[in-house]
Amino acid sequence: LSRLPAALAEFQPSVVILELGGNDGLRGLPLATLQSNLEEMVSLSQRAGAKVLLAGIQIPPNYGPRYTEPFYALFGDIAESEQLPFVPFLIDGIPQQPELMQNDGIHPRAEAQHMILDNVWPVLAPMLQ
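Remember, the numbering used here sits 52 above the position in the sequence shown when you count from 1.
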């Protein structure tokens with residue numbers, strides 16, 4: 053969040069894809085803080101003139117379902133309330149193939165990038181027209 057205003061000013065994007073990573077979830081921040089931060093990133097991006105695509109992510113079950121389930125739902129809730137194009141799970145289909153994941157089990161390998169594109173492109177392509 054703190055670096056976003058400078059990046060928006062420097063690059064002046066027409067589209068911003070926002071996604072909190074698994075590491076963000078593993079920090080264990082209160083969900084209200086994550087929601088506030090994500091909503092502020094949406095607002096900053098839109099005020100800079102960019103269209104926003106929101107991408108959801110799931111986190112490992114370290115904190116149990118009382119945290120992980122609302123964490124995942126947060127993305128869809130914000131996408132709905134802000135009327136944003138939405139990719140429900142950025143790396144859908146990738147974690148089930150361990151050879152496509154780094155040893156940490158959280159981050160995809162380079163070989164999975166084409167699958168991420170396949171997940172995002174149907175939502176992103178119309179935004180680029």
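Glycine included, each C-beta is placed from N, C-alpha and C at the ideal position.
Q: Specify whether the segment 148–157 and the segment 59–70 touch according to this definition: at least 3 beta carbon pairs, one from each stretch, less than 8 Å apart.
A: Segments in contact, no.
Q. In this structure, what does DSSP give as the bridge partners for F138?
A. DSSP, once it has assigned bridges, lists L106 as partnering F138.
Q) Secondary structure at I69, three-state DSSP: helix, strand or coil? A) I69 falls in the strand class under three-state DSSP.
Q) Is M82 helix, strand or coil when you go by DSSP? A) First, the amino acid is wrong: residue 82 is Pro here, not Met. P82: coil per DSSP, three-state reduction.
Q: With P57 as the anchor, note down where its alpha helix (DSSP H) starts and where it stops.
A: Residues L56 to F63.
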